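Residue numbers (the numbering used here): -5 to 636. First up is the structure itself, then whatever we jot down about it.
Here it is as structure tokens:
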């Protein structure tokens, strides 16, 4: 049973705060840019062919010449799905008849690519229909279906139009028929359809979707040798994935027995999201306990300070506890987005501040870092240290690209960022019959099904006053107090003259304010002081180092602010860092931090037998999400401590 649930995004109206400006960017720049990429209309950008694949699949079904056939990754369909989902959320925030018409045309093309039995996948429809469902290890049919189901639900909720929803219900029936009715073995190589089916169930009430999601979760890992048997039955492959790497596929044991986060990090958190969702939907306590163990494994032993997860490029995966290298970190953007999904679903099992804390950390750091400030370039990998000449060039660092590309052959991250930012309102606010919950500080108007209505006014994360104006009261209000804030002051009143500081209780990281009344104003003041961060002695890579954080923002040092050289800097933490006033010309108006430091002289050779001379200086840091926007640059999060 869900102790609280996400609000409907239609009940949130964005405002001109930090997040609102990002949402405008997605709608005005990112969505049109990505559409042109999907249609192969952008010169100098990696070819996508996504829309053309759907057109060609429709031709194949009609027996027509498919021309240039299929192009791209086996999971290329999912790029269109995530783009459509972002469009749906953007239409809720900013109604636009032209954009809606464009989305309708894309949906018509997708519907035209569906086979008569409900099957929908352009790779197999164009290349070889006889190979359907025979390569679950690599084929990504269920992964693509899942993303399209999510898009269908989002578009239906945004517009009331159910064409894509009907397409995907028919697709769900096709999948159910194959795996349940006919009893064919197998489960997705890449989890995603499980969480999508649960969304379909809530949107439609069709129990087939719930049963199918539960089926895939229940059989996953029951036969750990399934993929090896599957490979033995066929003579073809997509790229040759190792069927014996059970941790990579999240198939090493039944899901209720999982106790540590392993393998491909995106697959992992997508799977854990579905597990947590099903646990709250069906009150499955065994599944809930497994999710608790996995959450602790990630957040207490395998997560970067930026909310990044997946420390190695080998398998884009988790490795071992406390193995968190900075300069070779993988920390895929999609993985942090999936971590936010997992956190949000954990909040539906238990209202506990740690879930909102991690959701916030991932969003304001790794997720936002995944996109250039202009919305036209994107990171797949999010390192915590970059040294030009090594990053992207040394064989050990080939994956650490020091500047954001315009697109990728494997383009899962760019549309994922777009759908997350446009839908952040439903992660920020939740509710049950008695209480409205504020998990994240996002400016805008929110209406809750339980009747409460409020307006949040804030310039967070650069200002630390959060003001809630109660438009319609009568219910309890609970607000998360972030773990980084050493203090919080709460004031209540009905106008500026009546505001008075009040006492409060904090339970599991949430400030419970009791019943709030219409016309009331609740104001929170959080700690705005920058703070130094120090790593656990168990993390070998960053001993003797220090990092900076202000509010939810982790900071980094770039060469652009420090005479082109940060490697010779050592930070003096004996004096507090200072926040510099907004400069609208600096990285869209970020607040910079100033700290005392020492710069070491550069010796003539590689090594020196004498102690290097140190000169006092001032060092400057900018928010991690903003790095890489000023050309090729050195960057570090963890700095040597003086």
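Beta carbons are placed, not taken as given, at the ideal position from N, Cα and C, and that holds for glycine. Please read these numbers as outputs of a predicted model, since none were measured by experiment.
- The residue from 546, 562, 547 and 545 with its alpha-carbon nearest to that of residue 553 is 562.
- Secondary-structure assignment with DSSP links residue 365 through a beta bridge to 372.
- Here DSSP, grouped into helix, strand and coil, assigns residue 574 to coil.
- In this structure, the alpha-carbon of residue 341 lies about 15 Å from that of residue 418.
- Separation of residue 316 and residue 288 (C-alpha to C-alpha, rounded to the nearest whole angstrom) is 15 Å.
- Per DSSP, the beta-bridge partners of residue 449 are 439 and 463.
- When DSSP states are grouped into helix, strand and coil, residue -2 belongs to the coil group.
- In the pairwise beta carbon analysis, the segment 406 to 416 is classified as not touching the segment 449 to 456: fewer than three pairs are separated by under 8 Å.
- Between residue 459 and residue 519 a beta carbon distance of about 6 Å is seen, short of the 8 Å cut, so the two are scored as contacting.
- DSSP places residue 539 inside the beta strand (DSSP E), whose first and last residues are 539 to 544.
- Setting aside the 5 residues that flank it on each side, residue 106 is surrounded in the same chain by 52, each with a C-beta closer than 7 Å to its C-beta; the list follows chain order.
- Note on geometry: alpha-carbon atoms of residue 133 and residue 228 lie some 13 Å from one another.
- The C-alpha of residue 592 lies about 36 Å from the C-alpha of residue 369.
- As for any beta strand (DSSP E) of minimum length 3 sitting wholly inside the segment 396 to 437, the runs are 423 to 425 and 429 to 432, ordered along the chain.
- In this structure, the beta-carbon distance from residue 320 to residue 621 does not fall below 8 Å.
- Taking the CA atoms as reference points, residue 440 sits about 38 Å from residue 256.
- At the C-beta level, residue 254 and residue 305 stay beyond 8 Å of one another.
- When Cβ pairs closer than 8 Å are counted between the two stretches, the segment 470 to 481 is seen to touch the segment 506 to 521, the count reaching three or more.
- Between residue 411 and residue 361 a beta carbon distance of about 6 Å is seen, short of the 8 Å cut, so the two are scored as contacting.
- Of 378, 353 and 97, the smallest CA-CA separation from residue 394 is found for 378.
- Counting only the Cα atoms, residue 177 lies some 25 Å from residue 275.
- According to the DSSP assignment, residue 504 belongs to the beta strand (DSSP E) that extends over 504 to 510.
- Residue 174 has its alpha-carbon roughly 12 Å from the corresponding atom of residue 203.
- Judged by pairs of C-beta atoms under 8 Å, the segment 343 to 359 does not touch the segment 593 to 608, as fewer than three such pairs exist.
- The DSSP-derived three-state label of residue 600 is coil.
- Taking the Cα positions, residue 158 is about 5 Å away from residue 146.
- For the pair residue 116 and residue 212, the CB atoms are not nearer than the 8 Å cut-off.
- The beta carbon of residue 421 sits closer than 6 Å to the beta carbons of 338 from its chain, once the five residues preceding and following it are set aside; these are given in chain order.
- Contact check for residue 184 against residue 261 passes: the beta carbons are separated by less than 8 Å.
- Uninterrupted alpha helix (DSSP H) stretches at least 4 residues long and entirely within the segment 59 to 86 do not occur.
- Going by DSSP, residue 614 is part of the beta strand (DSSP E) stretching over 608 to 617.
- When C-beta atoms of the segment 85 to 98 are compared with those of the segment 420 to 436, fewer than three pairs fall below 8 Å, so the two segments do not count as touching.
- Taking 8 Å as the cut-off, the beta carbon of residue 245 is found no closer than this to the beta carbon of residue 329.
- Looking from the CA of residue 164, the closest CA among 154, 523, 152 and 198 belongs to 198.
- Note that the C-beta distance between residue 416 and residue 626 is not below 8 Å.
- Take the alpha-carbon of residue 161 and the one of residue 190: they are about 14 Å apart.
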